[in-house]
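Numbering (my numbering), first residue to last: 7 to 463.
All C-beta atoms in this analysis are idealised placements derived from N, C-alpha and C, irrespective of residue type, glycine included.
Note sheet for the following structure.
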Amino acid sequence: MVQDKTEFKKNQDEIQYLAYYDLLTNMPNRRLMMDRLEQTLNSSRRSRSYAAVFFLDLDHFKNLNDTQGHAAGDLLLQEVAKRLKKVVREKDTVSRFGGDEFALILQDFGESKTQAIDSCRLVSAKIFNAMKVPFVLYDNEHNTSVSMGVCLFVGKDLTCNEILRRADIAMYQAKQAGRNGMEFFDEKLQPKLEYRAALAIDMQSATIGNELIPYYQAQVNQNNEVIGAELLLRWLHPRLGMISPAEFIPIAEESNLINSISYFVLQLACAQLRAWQEEESTKEMRLSINISARHFGQTDFVDQIASTLQEYNCPPELLRLELTESLMLKSPDDIAEKMYLLKETGVTLSLDDFGTGYSSLSVLRRFPLDELKIDRSFVQNMLNNKDDAIIIETIIVMANKLGLEVIAEGIETEEQKNFLHKSGCQNQQGFLFSRPSPIEEFEEHLKTLQRSPSVEV
Ligand code: C2E
Ligand code: MG
Ligand code: MG
């Protein structure tokens with residue numbers, strides 16, 4: 007009996023533990039953290055003393071997991087947990103929120119807001135210092151940094167969920183600001199967030215084909231001949247006017263909307279390529295579309311491409327998929343495999359915004375790419391920034407050696423065009439040649455471009 011009872015007690019303790027603690031770090035989990043936050047909120051309401059939630063996210067944690075394996079990732083999380091515990095006081099809570107996210111609850115900052123802010127800054131400085139020392143993971147030294155968001159509260163109007171949401175938003179701001187930093191939640195951001203949320207709702211009903219419109223921008227070779235186009239989406243919002251994809255695609259990516267939008271773009275592109283097949287002058291034009299990471303990650307992505315090409319009876323070699331470097335960081339082996347499968351459908355692959363990410367030569371060798379697209383930030387600066395000019399020249403030489411085509415985007419002036427020609431970059435895209443425009447305008451413009459005399463190189 008006695009043994010049974012102790013056994014029972016032990017089991018119960020274990021169940022308790024499992025429910026409230028994270029096994030990897032032996033820290034409170036999200037659930038216990040929420041309990042404690044509720045308590046903190048109540049006591050802060052009574053004492054009028056400020057408290058704060060710190061939301062932490064490790065920067066580029068996925069890279070470590072992908073390159074050195076999950077065991078190394080787990081070890082890092084454990085070490086980070088230990089260091090965080092050392093930084094805070096006994097009564098504070100350090101919890102693992104999930105994945106590479108940690109949440110801290112700090113209390114008793116006193117009744118002065120300015121002092122509370124100073125205290126938060128002090129704690130965050132301690133955390134940054136603690137993270138600066140390299141971590142030793144199975145004989146390898148590893149450097150990591152964290153991005154932090156802080157929500158300060160004094161137990162009044164906010165709920166636990168709202169506090170967490172604000173800390174999370176502030177953390178996101180810290181990431182946006184270049185990582186390895188700390189941001190306080192800023193009330194002034196609220197309207198911007200509400201605008202985003204409203205757009206997300208409007209997008210649900212933005213009828214594809216009605217409000218979402220394809221624009222086309224020409225790509226030309228050294229003789230000013232149009233060799234193809236890039237399809238760039240526009241949202242013609244009934245009240246707000248034209249909204250740039252740079253604004254609405256990231257919002258769509260946060261929901262499943264991106265998948266239906268992407269499929270729509272794919273169908274449009276195939277239909278357009280089919281139409282161009284009917285005319286002698288446009289028969290050889292290729293069309294590039296931008297592929298979002300979420301779309302690429304769909305399990306049936308390759309099948310979808312293959313079947314849509316077939317459905318529209320569209321020559322696959324004229325469809326070019328623009329991928330971004332960020333997409334290739336996650337599990338490169340799987341990505342490479344998918345890219346090889348894609349190539350079997352006959353499409354060609356371009357690496358968009360090249361130079362802005364992390365790509366190295368080894369990355370390039372690993373993937374079956376056909377083209378590098380030099381990001382327009384380099385083009386914009388290359389004439390007054392020597393480094394950017396050198397980077398461009400190097401990219402072009404490198405691409406040529408690897409047998410890749412190169413195209414530069416964002417060409418606005420003759421000088422830029424000439425510099426790129428001299429550096430060996432023949433294919434170009436930019437306002438100098440054509441602004442993105444609806445199909446009728448684009449095709450009208452095509453005629454003038456095709457009629458214009460060849461330029462000297
Ligand atoms: P991106 O693929 O790098 O597209 C090039 C961007 O540069 C376009 O902005 C284009 O209008 C702009 N651009 C072209 N020439 C010039 C120039 O000479 N000067 C300047 N200042 N800008 C130039 P846009 O159309 O606003 O698109 C922004 C980004 O949105 C695109 O960047 C692409 O990443 C994304 N995007 C656009 N359409 C789609 C889409 O259908 N699906 C997905 N997933 N993303 C899309
Ligand atoms: Mg693009
Ligand atoms: Mg680009």
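Exposure label - residue i; buried when at least 16 CB within 10 Å
| i | result |
| --- | --- |
| residue 340 | exposed |
| residue 400 | exposed |
| residue 191 | buried |
| residue 256 | exposed |
| residue 34 | buried |
| residue 245 | exposed |
| residue 71 | buried |
| residue 264 | buried |
| residue 296 | buried |
| residue 537 | Since the first and last residues shown for the chain are 7 and 463, residue 537 lies out of range. |
| residue 189 | buried |
| residue 268 | buried |
| residue 377 | buried |
| residue 12 | exposed |
| residue 236 | buried |
| residue 389 | exposed |
| residue 409 | exposed |
| residue 187 | buried |
Reduced DSSP category for residue i - H, G, I as helix; E, B as strand; rest coil
| i | result |
| --- | --- |
| residue 324 | helix |
| residue 406 | helix |
| residue 126 | helix |
| residue 157 | strand |
| residue 435 | strand |
| residue 183 | coil |
| residue 191 | coil |
| residue 385 | helix |
| residue 430 | coil |
| residue 260 | coil |
| residue 254 | helix |
| residue 329 | strand |
| residue 359 | strand |
| residue 94 | coil |
| residue 104 | strand |
| residue 269 | helix |
| residue 306 | coil |
| residue 285 | coil |
| residue 165 | coil |
| residue 418 | coil |
| residue 217 | coil |
| residue 318 | coil |
Residue i CB to nearest heavy atom of ligand 3 below 7 Å
| i | result |
| --- | --- |
| residue 359 | yes |
| residue 418 | no |
| residue 415 | yes |
| residue 68 | no |
| residue 381 | yes |
Heavy atom of ligand 1 within 7 Å of residue i beta-carbon
| i | result |
| --- | --- |
| residue 225 | no |
| residue 123 | no |
| residue 252 | yes |
| residue 356 | no |
| residue 296 | yes |
| residue 442 | yes |
| residue 239 | yes |
| residue 303 | no |
| residue 332 | no |
| residue 436 | yes |
| residue 268 | yes |
| residue 271 | yes |
| residue 255 | yes |
DSSP bridge partner residues for residue i (one or two, in chain order)
| i | result |
| --- | --- |
| residue 248 | 242 |
| residue 146 | 143 |
| residue 443 | 222 |
| residue 234 | 225 and 292 |
| residue 111 | 59 and 99 |
| residue 453 | Answer is none; residue 453 lacks a bridge partner. |
| residue 379 | 413 |
| residue 28 | 33 |
| residue 354 | 326 |
| residue 152 | 64 |
Residue i: CB within 7 Å of a non-hydrogen atom of ligand 2
| i | result |
| --- | --- |
| residue 433 | no |
| residue 328 | yes |
| residue 259 | no |
| residue 377 | no |
| residue 236 | yes |
Requested in this report: Go through the stretch 32-89 residue by residue and report every complete run of the beta strand (DSSP E) that reaches 3 residues or more, in order.
Outcome: 57-64
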